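>
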Amino acid sequence: MNPTERDTLREKLIKDRQALPDRLERAVQLQHVLRTWLVSRRESSIGAYWPIKGEFDPLPALFRWSEGGPEGSPRRIGLPVTNRETESLAFHVWYPGCPMELDAHDIPKPKDTDVFQPAILLLPCVGYGPGGVRLGYGGGFYDQTVAALNPRPLTVGVGYAHGFLPMLRARPEETPLDVMITEDGVMFSR
């Protein structure tokens, strides 16, 4: 699939996602699936995203997860802040009510909170395919970030099942997801 076809597909999937008549019901079910999956995880830090363009909002499930950590072992949630020079992402601590500001793309980001490296990285998916292929917005920010992090975090795609693309194949610079979660459940896990 060439870049123009990917762009066209991306636009269609975003429009379709925003027009889903049952998006609220799907979001409630996806909150449940994500919370259930998180119960078994031992990691104590998650990098997430601020939802845009009809994306699933993982923050309520993550906040509940953060409250359930063992005594003396805080769980941290981070939101991405783009480094304009390297076009990679750094994750700054987020919590409900923390100071926020808009980034260069008018997306809210934490203001003046600590930076950390997440053990789990939730990635928003416009679409997804077999074997962990993720279709994002096309900027490559997440692929560059995952490639640069050491140790590599567990990558978890999150999105609605309508975005499954059986013919989608990874490009050489794309790293497959480790896990894909939709309202229908955990689609695969490496």
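Numbering (our numbering), first residue to last: -12 to 177.
Beta carbons are placed, not taken as given, at the ideal position from N, Cα and C, and that holds for glycine.
Note that the structure is predicted; figures quoted are calculated from it, not measured.
Check this for me: beta carbons of I107 and I33, under 8 Å apart or not?
Counting from 1 along the sequence shown, the entry for residue 107 is found at position 120. Counting from 1 along the sequence shown, the entry for residue 33 is found at position 46. It is a contact, given that the beta carbons lie within the stated cut-off.
> Could you give the residue range of the beta strand (DSSP E) that holds P95?
Taking the first residue of the sequence shown as position 1, residue 95 is located at position 108. Where P95 is concerned, the enclosing beta strand (DSSP E) stretches over P95 to P97.
> Rounded to whole angstroms, how far is the Cβ of Y36 from the Cβ of P111, which I believe are closer than 8 Å?
For the purposes of this step, residue 36 is taken as residue 49 along the sequence shown, with counting starting at 1. For the purposes of this step, residue 111 is taken as residue 124 along the sequence shown, with counting starting at 1. So it is a contact: roughly 5 Å between Cβ atoms.
> Alpha carbon to alpha carbon, what distance is there between P45 and P38?
Taking the first residue of the sequence shown as position 1, residue 38 is located at position 51. Taking the first residue of the sequence shown as position 1, residue 45 is located at position 58. For P38 and P45, the distance between alpha carbons rounds to 8 Å.
> Would you tell me roughly how many angstroms separate the C-alpha atoms of P117 and G172, rounded to the nearest one?
Position 130 of the sequence shown, counted from the start, is the residue given in the question as residue 117. Position 185 of the sequence shown, counted from the start, is the residue given in the question as residue 172. Taking the straight line joining both Cα atoms gives about 15 Å.
> Can you tell me where the alpha helix (DSSP H) holding H79 begins and where it ends?
On the sequence shown, position 92 is the one that residue 79 refers to. Element bounds for H79: not the alpha helix (DSSP H) but the beta strand (DSSP E), L76 to W81.
> Starting from the N-terminal side, write out each stretch of the alpha helix (DSSP H) that is 4 residues or longer and does not extend beyond the stretch 106 to 149.
For the stretch 106 to 149, whole alpha helix (DSSP H) runs of length 4 or above, ordered along the chain, are 128 to 135.
> Leaving out five residues on either side along the sequence, give the residues of the same chain with a beta carbon under 6 Å from the beta carbon of A48.
The sequence position of residue 48 within the sequence shown is 61, counting from 1. Excluding positions up to five away in sequence, the list reads Q18, L21 and R22.
> In whole angstroms, what is the alpha-carbon distance linking K(-1) and S31?
Counted from its first residue, the sequence shown places residue -1 at position 12. Counted from its first residue, the sequence shown places residue 31 at position 44. For K(-1) and S31, the distance between alpha carbons rounds to 36 Å.
> Please determine, among P138, F128, G127 and G114, the residue with the shortest C-alpha to C-alpha distance to P153.
If you number the sequence shown from 1, residue 153 lands on position 166. The option with the nearest alpha carbon to P153 is G114.
> Identify, in the order they occur along the chain, each residue of the same chain with its Cβ nearer than 8 Å to the Cβ of L141, setting aside the five sequence neighbours on each side.
Position 154 of the sequence shown, counting from 1, holds the residue named residue 141. Only E30, A106, I107, L108, D165 and V166 meet the Cβ criterion.
> Check whether the stretch 73 to 93 touches the stretch 10 to 17, counting contact only when three or more Cβ pairs, one atom from each stretch, lie closer than 8 Å.
The stretch 73 to 93 is not in contact with the stretch 10 to 17.
> Can you check which of these residues, Y147, L136, T73 and P83, is closest to G126 by C-alpha distance?
Counting from 1 along the sequence shown, the entry for residue 126 is found at position 139. The shortest C-alpha separation from G126 is found at T73.
> To the nearest angstrom, how far is the alpha carbon of D130 from that of E58?
Here residue 130 refers to the residue found at position 143 when the sequence shown is read from its first residue. Here residue 58 refers to the residue found at position 71 when the sequence shown is read from its first residue. Approximately 34 Å, taken between the alpha carbons.
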